[in-house]
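Each remark here refers to the structure printed beneath this line.
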Amino acid sequence: MKGRHMTRWRDPAKDPRQEPKSNLITAEGAERLRGILDHLARVKRPAISAKVGEAAAQGDRSENADYTYNKKELGRVIARIGYLTRRLDELQVVDRLPADTGRVYFGAYVTLEDEHGEALFIRIVGHDETDTTKHWVSVDTPLAKALLGKPLDDEATVAAPGGETTYVITAIAYRDPTA
Numbered sequence: 006m007k008g009r010h011m012t013r014w015r016d017p018a019k020d021p022r023q024e025p026k027s028n029l030i031t032a033e034g035a036e037r038l039r040g041i042l043d044h045l046a047r048v049k050r051p052a053i054s055a056k057v058g059e060a061a062a063q064g065d066r067s068e069n070a071d072y073t074y075n076k077k078e079l080g081r082v083i084a085r086i087g088y089l090t091r092r093l094d095e096l097q098v099v100d101r102l103p104a105d106t107g108r109v110y111f112g113a114y115v116t117l118e119d120e121h122g123e124a125l126f127i128r129i130v131g132h133d134e135t136d137t138t139k140h141w142v143s144v145d146t147p148l149a150k151a152l153l154g155k156p157l158d159d160e161a162t163v164a165a166p167g168g169e170t171t172y173v174i175t176a177i178a179y180r181d182p183t184a
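Counting from 6, one number per residue, gives the positions in the sequence shown under the numbering used here.
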């Protein structure tokens, strides 16, 4: 494994990036990914292709920074389009409420309380929808795995870098995906 872009070797059995990700996504998340794909394919790619064509028409491409930059950007956009197309084919859209809304399942809005009485509001979503600013956590995270299937007022203990933390589930809510 020689090359300019080689990174350090990681044991695949211990590398967390090699863990399989769930293929679940909410209906809103799937719609957002389709919107991004549509924007990239119908707006961004043609615009960058036009810029590459204009830069190529200027002559010597070897010293044309505009051509080089836009060519690389076009490659990134095409790669992202390919990734999103493959990913959308793999995903399973969860577009219905669980049978038991009194327990924590995929798509739940959960309010937790830690040992110090501090509240934490999270939503359990798919890997492609995680957003730290909204407190949306992936169903693959240790916190979500500890909460799945638990009822209201149950405790969940999660291993964290600072030690184990115990949370009490104080509220569970779901948004109707058909509304």
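Idealized CB from N, CA, C, for every residue including glycine.
Within the same chain, G131, H132, V144 and D145 come within 7 Å of S27 by CB-CB distance, once the 5 residues on both sides are set aside.
Runs of alpha helix (DSSP H) with 4 or more residues, each lying fully within the segment 52–128, are found at 70–95, listed in chain order.
The residue from T90, K49 and G80 with its alpha-carbon nearest to that of R39 is T90. Counting along the chain, no beta strand (DSSP E) covers G34; the unbroken alpha helix (DSSP H) around it starts and ends at A32 to H44. Between I177 and D159, the C-beta gap is not smaller than 8 Å, which leaves the two residues out of contact.
It is roughly 12 Å from the alpha-carbon of L117 to the alpha-carbon of V163.
Following the DSSP letters along the chain, one finds A164 inside the beta strand (DSSP E) bounded by residues E160 to A165. Each of F126, K49 and K56 was checked against the Cα of G112, and the nearest Cα belongs to F126. In summary, Y88 is exposed, with fewer than 16 beta-carbon neighbours lying within 10 Å of its beta-carbon over all protein chains present. Separation of the CB atoms of I53 and L79 is rounded to 5 Å, and the pair is thereby assigned contact status at 8 Å.
Partner residues in the beta bridge of S143, as assigned by DSSP, are V130. By the CB criterion at 8 Å, I129 and A104 fall outside the cutoff.
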